[in-house]
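Here is the structure we will look at, set down as structure tokens.
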Amino acid sequence: MKIGILGTGRMGSRIAAMYARAGHEVIIGSRDIQRARSLVADLELEMLTAGSYDQALDAPIVLPAIFMRDGLLAQLDKMRPALEGKTLIDITNPFNSNYSDFTTPWDVSSAEQIAATLPRTHVVGAFKNVWWNTFDRPDFNTTVSDVLVISDDQRAKQRVMELGSGTPFNYVDSGPLINARTVERMTLLAEQLDYSFFPRA
Ligand SMILES: NC(=O)c1ccc[n+]([C@@H]2O[C@H](COP(=O)([O-])OP(=O)(O)OC[C@H]3O[C@@H](n4cnc5c(N)ncnc54)[C@H](OP(=O)(O)O)[C@@H]3O)[C@@H](O)[C@H]2O)c1
Numbered sequence: 034m035k036i037g038i039l040g041t042g043r044m045g046s047r048i049a050a051m052y053a054r055a056g057h058e059v060i061i062g063s064r065d066i067q068r069a070r071s072l073v074a075d076l077e078l079e080m081l082t083a084g085s086y087d088q089a090l091d092a093p094i095v096l097p098a099i100f101m102r103d104g105l106l107a108q109l110d111k112m113r114p115a116l117e118g119k120t121l122i123d124i125t126n127p128f129n130s131n132y133s134d135f136t137t138p139w140d141v142s143s144a145e146q147i148a149a150t151l152p153r154t155h156v157v158g159a160f161k162n163v164w165w166n167t168f169d170r171p172d173f174n175t176t177v178s179d180v181l182v183i184s185d186d187q188r189a190k191q192r193v194m195e196l197g198s199g200t201p202f203n204y205v206d207s208g209p210l211i212n213a214r215t216v217e218r219m220t221l222l223a224e225q226l227d228y229s230f231f232p233r234a
């Protein structure tokens with residue numbers, strides 16, 4: 034199943050590599066195609082190619098690895114026709130620029146805002162509870178981190194959970210998209226809890 038990733042930052046680069054290592058065809062898109070090309074050259078993964086955002090949007094499954102505070106909603110609004118009928122894996126936590134709080138009100142999640150912006154796209158929340166550095170060392174205490182997966186579309190949720198087969202995580206059906214309000218805000222708390230296994234979950 035081909036996956037298009039938008040953005041070459043901490044999460045985009047790692048999730049692209051993870052899916053490519055699991056045997057999926059992955060295209061990682063960047064606003065600057067040269068940045069995507071040099072990342073792909075460094076990673077040397079057979080299943081991973083570089084492209085623009087438009088090229089990555091051709092994939093049936095699209096994962097934007099972009100912050101809400103960097104204008105993700107406006108970018109997705111422009112991409113709405115290209116995303117119709119596709120599955121979008123939403124990994125956003127709507128942090129402000131100093132990570133002290135969220136930019137969304139208490140009674141809405143960024144996942145719900147994305148779903149409202151893309152009413153004809155199957156939005157599945159995942160990886161929200163996984164810190165970027167967990168991808169570099171996913172295993173701990175003889176186990177691996179849970180990935181909480183949320184969606185109102187059961188088939189799309191199942192597809193995303195199956196996509197994780199062969200990746201070093203345990204995928205947990207965590208209910209409907211409204212649960213993103215809790216899953217996203219757990220990330221504001223997780224760092225304060227002083228769990229010895231943090232940032233693993
Ligand atoms: N960091 C974490 O531990 C973590 C954990 C869970 C979820 N998340 C979520 O994952 C998403 C990405 O986080 P990240 O830590 O990977 O962010 P990041 O390192 O800052 O990367 C974000 C990428 O977004 C792209 N982008 C598109 N428009 C942009 C703009 N106007 N300004 C800046 N960058 C822009 C850039 O890629 P190009 O230049 O290649 O286009 C950039 O590399 C966020 O929604 C975040 O909430 C992060």
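Read in my numbering, the sequence shown has 169 at position 136, and its numbers run on one by one without any break.
For each residue, glycine too, the CB sits at the ideal point set by N, CA and C.
Query, Result
"Taking Ser63 as the reference, give the member of Asp185, Met51, Ser184 and Thr41 with the closest Cα.", "Thr41"
"Under 7 Å between the Cβ atoms of Ala53 and Leu81?", "yes"
"Could you please give the first and the last residue of the uninterrupted alpha helix (DSSP H) stretch that includes Leu106?", "Leu105 to Leu116"
"I'd like to know whether the C-beta atoms of Val156 and Ala149 end up nearer to each other than 7 Å.", "no"
"Whose C-beta lies closer than 8 Å to the C-beta of Thr136 among residues of the same chain, with five residues either side of it excluded?", "Met101, Arg102, Pro127, Phe128 and Asn129"
"With a cut-off of 8 Å on the beta carbons, I'd call Ala74 and Val59 a contact; round off their distance for me.", "Not quite, the Cβ-Cβ distance comes to about 15 Å (not below 8 Å), so this is no contact."
"State buried or exposed for Arg214, treating a residue as buried only when at least 16 other CB atoms are found within 10 Å of its CB.", "buried"
"For Thr200, count neighbouring C-beta atoms within 10 Å of its own C-beta (all shown protein chains included) and say buried if the count is 16 or more, exposed if not.", "buried"
"Check Asp91 in the structure and name its three-state DSSP category.", "coil"
"Look at the alpha carbon of Gln108 and the alpha carbon of Met51, and state the distance between them as a whole number of angstroms.", "25 Å"
"Would you grab the beta carbon distance between Gly45 and Ala98 for me? Rounded to a whole angstrom, and I think it's under 8 Å.", "3 Å"
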